[in-house]
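The structure appears below as structure tokens.
Residue numbers (the working numbering), protein chains in the order written: chain A, 1 to 375; chain B, 1001 to 1375.
Spelled out as structure tokens, the structure:
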């Protein structure tokens, strides 16, 4: 091989798509500190703090709270493979791409997914969920997405979890885009299993997936009759390393530097406080909304359940989707998101997540879009 | 929560355990560059180079070559869940911890593992492998560990793979600790599926697992009758993102910054060249060997199949394992590895991997051990 390879210097970007979002420079700095051994006492001290800080962010006392050493999709899979056994039945609510991914996960566990479908861009209908629960008294869990990244819809996590509990089901929640951006109260809302991602409102690098399991969920795992189909994601083994019961058994080599970064990102959230962080996301969203409506862009999702951190607007008639996004990227270094699945070509998704949810990004986005759409 | 959390500053360490190994500062620098979107054209260019550089490191033309977005254990799992279906039979060679992990993976796929056991610290016996192949004409694959991290033994990857092919089986190789440290020739040795890790001889941060599948392995995946049990590790979906057939479909959010780091680490290996890198590992091993034997430490593994990058020595009689490792860590900032499994308390494992395989580390280790063992 005679080719030459240069070190990779990324172009300057402002990330306002559906994630990864702009990473706080303090987090990039933490990321690059020298690697420690994954059983070093100093590193184990860090792991303990990460666990405590995740309990804070999720608002939970769950002992089984830690980051899975892989992206959000693996966090999703860790929840399903640990809680489900072949033959189980799960009610899955879908009003966007990620409900469909849950269905795939359920099926690959040899379980049945009973789908509750709602129009993309609208909320999951509580009445439909209750009907599904009545029609399926043998369901083990209700699974849904808190913040649908593909549409910008907030589902009513509190109400759906309450419904699930009333019908003696576990509640399983996708909080990939909600954690740190909008209200989330794992213990208060009686959520049994939840997973998130680091690259959205935590403003950390992509690659880890915080998860948490309630006492009831842990009991279900303990009572399993079949082994968890994934060795890598088997919570019983993973927790042997994360210190359940005081143990520190080697399972896999933790992504040490990514955990430095997650620690720093949770520390920043802790210093700001949850309510102030949620309020900042809301305020930045309001400012962006005024700016976009001023230049004639219309929001798709009803205001009552619109996510502040993921703003979905219709692409105006006659405007070329790919051309506009291409100009924003090449001329302004600005990334916004395309539509996913059935919304491809019809909408843009503008993220205001974590560190990136600030006035400078809001102004820059409105100004760049104004300039490009005028042509 | 009133606790205060400080930013984490890792203590100064020299990592000479079984991995993670000392990370090259150039790689830590690359790691901390600003995050790009996972579908940004500039990032896709980087992915293409990572793929090319991995083909170089593995010495393969395999199109299905890429890093799994999770640690080596997930790379191992990706190989088994994609190649196996319930009812399949695999011959698994075990002469250390990691052969046992392969067995667990095979079983969790609903397949049968026929074990070929050898003493820990000795090589896998080719005759036993051939007997197992003769006794199990329905076996689909032979799986083994190239460099057993738990013992420092090199198994004869070329000979075992040839045997597997002669009996019409796929060969599955764990190269977590071998890639970049000793000779490895995926195409020349007819290896069908292989996985590695980034935190050993590539001197990169932990968290990614390079994998490669031969044409024959891809045909087996294509002919599957059942879906891959893992959505996250389903190669058909993963390759939709990594550009098989020119596609770039969103699957999961890639760990962007870790891929910057892997790119830099492979670039460094490419600049050095494979043979020079292997030779450096061997030379550093010889120097360490002299130093350790001078202070009375004995190697466990026969010289003919000893790994240069993982040096296993017996703990002398009357020496307290934990005390010595504790003193090395607290007084010298030096991490060496404990024994794993049945070798716990009996051996130390001293890594000389990648960037860490240098004279300074060799000298420091011998000098620190000399000082501590004299007490």
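We treat Cβ as the ideally placed atom computed from N, Cα and C, and that holds for glycine.
Note that the structure is a prediction, hence the values are computed from the model and not measured.
Handout entry: Between the CA atoms of residue 1241/B and residue 1232/B - distance to the nearest angstrom
Key = Here residue 1232/B refers to the residue found at position 232 when the second chain is read from its first residue. Here residue 1241/B refers to the residue found at position 241 when the second chain is read from its first residue. Near 12 Å, if we compare the C-alpha coordinates of residue 1241/B and residue 1232/B.
Problem - residue 29/A to residue 1032/B span [Cα, whole Å] - result: As a working mapping, residue 29/A is identified with position 29 in the first chain. As a working mapping, residue 1032/B is identified with position 32 in the second chain. In a straight line, the C-alpha of residue 29/A is about 6 Å away from that of residue 1032/B.
Practice task
Quick one: residues in its chain with C-beta nearer than 6 Å to the C-beta of residue 1379/B, no 5 flanking neighbours on either side, listed in chain order?
Solution key: Chain B is shown only over 1001 to 1375; residue 1379/B falls outside these bounds and no answer can be derived.
Practice task
Output the boundary residues of the alpha helix (DSSP H) element that contains residue 365/A.
Solution key: Stepping through the first chain from its first residue, residue 365/A is reached at position 365. Taken as a continuous stretch (DSSP letters only), the alpha helix (DSSP H) holding residue 365/A covers 359–373.
Handout entry: Buried or exposed (CB count within 10 angstroms, at least 16 for buried), residue 1/A
Key = Taking the first residue of the first chain as 1, we reach residue 1/A at position 1. The pLDDT assigned to residue 1/A is 48, lower than 50, so where the model puts this residue is not dependable; a value taken from the coordinates is nonetheless given after this. Exposed is the call here.
Practice task
Tell whether a beta-carbon distance below 8 Å holds between residue 383/A and residue 129/A.
Solution key: Here chain A has residues from 1 to 375 only, and residue 383/A is not among them.
Handout entry: Beta-carbon gap between residue 21/A and residue 195/A smaller than 8 Å
Key = Numbered from 1 along the first chain, position 21 holds the residue referred to as residue 21/A. Numbered from 1 along the first chain, position 195 holds the residue referred to as residue 195/A. No, Cβ-Cβ distance for residue 21/A and residue 195/A is not below 8 Å.
Handout entry: Straight-line gap, residue 159/A to residue 374/A (C-alpha atoms, nearest Å)
Key = Locating residue 159/A in the first chain gives position 159, where the first residue counts as 1. Locating residue 374/A in the first chain gives position 374, where the first residue counts as 1. Separation of residue 159/A and residue 374/A (C-alpha to C-alpha, rounded to the nearest whole angstrom) is 43 Å.
Handout entry: Which of helix, strand or coil DSSP assigns to residue 1353/B
Key = Position 353 of the second chain, counting from 1, holds the residue named residue 1353/B. Of the three classes helix, strand and coil, the one that applies to residue 1353/B here is coil, per DSSP.
Exercise for the section: Closer than 7 Å, Cβ to Cβ, to anything on chain A: give me those residues from the stretch 1227–1240 of chain B, in chain order. Expected result: 1227, 1229, 1230, 1231 and 1232
Handout entry: Assigned exposure category for residue 285/A - 16 Cβ within 10 Å defines buried
Key = Here residue 285/A refers to the residue found at position 285 when the first chain is read from its first residue. Result: buried.
Problem - Cβ neighbour criterion (16 or more within 10 Å) applied to residue 174/A - result: Against the first chain, residue 174/A aligns to sequence position 174. With 16 or more Cβ atoms within 10 Å of its Cβ, residue 174/A is classed as buried.
Practice task
Enumerate in chain order the residues of its own chain whose CB-to-CB distance from residue 225/A is below 8 Å, with the five nearest sequence positions on each side excluded.
Solution key: Within the first chain, numbered from 1, the residue matching residue 225/A stands at position 225. Result list for residue 225/A: 85, in chain order.
Handout entry: Where the stretch 1021–1033 of chain B meets chain A: residues whose CB sits under 8 Å from a CB there
Key = 1022, 1023, 1026, 1028, 1029, 1030, 1031, 1032 and 1033
Exercise for the section: Excluding the 5 residues preceding and the 5 following residue 1324/B in the sequence, name in chain order all residues of the same chain whose CB lies nearer than 6 Å to its CB. Expected result: Working through the second chain from its first residue, we reach residue 1324/B at position 324. Around residue 1324/B: 1372.
Exercise for the section: Using alpha carbons as the reference points, say which of 68/A, 222/A, 63/A and 42/A lies closest to residue 255/A. Expected result: Position 255 of the first chain, counted from the start, is the residue given in the question as residue 255/A. Nearest option by C-alpha distance: 68/A.
Problem - Contacts of residue 258/A in chain B (Cβ-Cβ under 9 Å) - result: Counting from one through the first chain, the residue named residue 258/A turns up at place 258. In chain order, 1205, 1206, 1207, 1255, 1257 and 1258 make up the part of chain B whose C-beta sits under 9 Å from the C-beta of residue 258/A.
Problem - For residue 315/A: DSSP bridge partner residues - result: The count along the first chain starts at 1 and reaches residue 315/A at position 315. DSSP lists no partner for residue 315/A.
Handout entry: Own chain, CB closer than 7 Å to residue 1251/B, minus 5 neighbours either side, in chain order
Key = For the purposes of this step, residue 1251/B is taken as the residue at position 251 of the second chain. Taken in chain order, the residues that qualify are 1237, 1238, 1240 and 1241.
Problem - Spatially closest choice to residue 1016/B from 314/A, 36/A and 296/A, by CA coordinates - result: Translated into positions along the second chain, residue 1016/B becomes position 16. Ranking 314/A, 36/A and 296/A by CA distance to the CA of residue 1016/B puts 36/A first.
Practice task
Check whether the Cβ of residue 42/A lies closer than 8 Å to any Cβ atom in chain B.
Solution key: Within the first chain, the letter at position 42 stands for residue 42/A. Chain B contact via Cβ: present.
Practice task
List the residues that DSSP assigns as beta-bridge partners of residue 67/A.
Solution key: For this step, residue 67/A is matched to residue 67 along the first chain. Residue 67/A pairs with 210/A.
Problem - Of the listed residues 1091/B, 1098/B, 1188/B and 1328/B, nearest to residue 1153/B (C-alpha basis) - result: Taking the second chain and counting its residues from 1, one reaches residue 1153/B at position 153. With distances taken between Cα atoms, residue 1153/B lies closest to 1098/B.
Handout entry: Reduced DSSP category for residue 304/A - H, G, I as helix; E, B as strand; rest coil
Key = As a first step, residue 304/A must be located in the first chain, where it is residue number 304. Note: residue 304/A maps to helix in three-state DSSP.
Exercise for the section: Could you please give the first and the last residue of the uninterrupted alpha helix (DSSP H) stretch that includes residue 279/A? Expected result: Here residue 279/A corresponds to residue number 279 of the first chain, with the count starting at 1. Element bounds for residue 279/A: 274–294.
Practice task
Measure the alpha-carbon distance for residue 216/A versus residue 192/A and round it to whole angstroms.
Solution key: Within the first chain, the letter at position 216 stands for residue 216/A. Within the first chain, the letter at position 192 stands for residue 192/A. Rounded to whole angstroms, the gap between the alpha carbons of residue 216/A and residue 192/A is 7 Å.
Practice task
Could you round the C-beta distance between residue 1177/B and residue 1309/B to whole angstroms and report it? I think they count as a contact, below 8 Å.
Solution key: The residue given as residue 1177/B occupies position 177 in the second chain. The residue given as residue 1309/B occupies position 309 in the second chain. Confirmed, about 6 Å.
Exercise for the section: Spatial neighbours of residue 1171/B within its chain, please: CB distance less than 6 Å, with the 5 preceding and 5 following residues excluded, ordered by chain position. Expected result: Here residue 1171/B refers to the residue found at position 171 of the second chain. Taken in chain order, the residues that qualify are 1142, 1161, 1164, 1191 and 1192.
Exercise for the section: Measure from the C-beta of residue 1252/B to each C-beta in chain A and report whether the shortest distance is under 8 Å. Expected result: Indexing the second chain from 1 puts residue 1252/B at position 252. Among the residues facing chain A, residue 1252/B is included, as its CB has a counterpart in that chain under 8 Å away.
Problem - chain B residues whose Cβ lies nearer than 8 Å to that of residue 9/A - result: As a position in the first chain, residue 9/A is number 9, starting the count at 1. Below the 8 Å Cβ cutoff, chain B contributes 1033 as neighbours of residue 9/A, in chain order.
Problem - Interface flag, residue 358/A vs chain B, CB-CB below 8 Å - result: Counting from one through the first chain, the residue named residue 358/A turns up at place 358. Judged by the 8 Å Cβ criterion, residue 358/A is not in contact with chain B.
Problem - Listed by chain order, chain A residues near residue 1197/B by CB distance under 8 Å - result: Against the second chain, residue 1197/B aligns to sequence position 197. 253, listed in chain order.
Practice task
Kindly indicate if chain E contains any beta-carbon less than 8 Å away from that of residue 1333/B.
Solution key: In summary, chain E is missing from the structure at hand, where the protein chains are A and B.
Problem - Residue span of the alpha helix (DSSP H) that contains residue 1330/B, given as start and end - result: If you number the second chain from 1, residue 1330/B lands on position 330. According to the DSSP assignment, residue 1330/B belongs to the alpha helix (DSSP H) that extends over 1321–1332.
Practice task
Starting from the C-beta of residue 121/A, find all residues in its chain whose C-beta is less than 6 Å away, skip the five residues before and the five after it, and write them out in chain order.
Solution key: Stepping through the first chain from its first residue, residue 121/A is reached at position 121. Around residue 121/A: 151, 300 and 301.
Problem - chain B within 8 Å of residue 5/A, Cβ atoms only - result: Working through the first chain from its first residue, we reach residue 5/A at position 5. Output row for residue 5/A: interface = yes.
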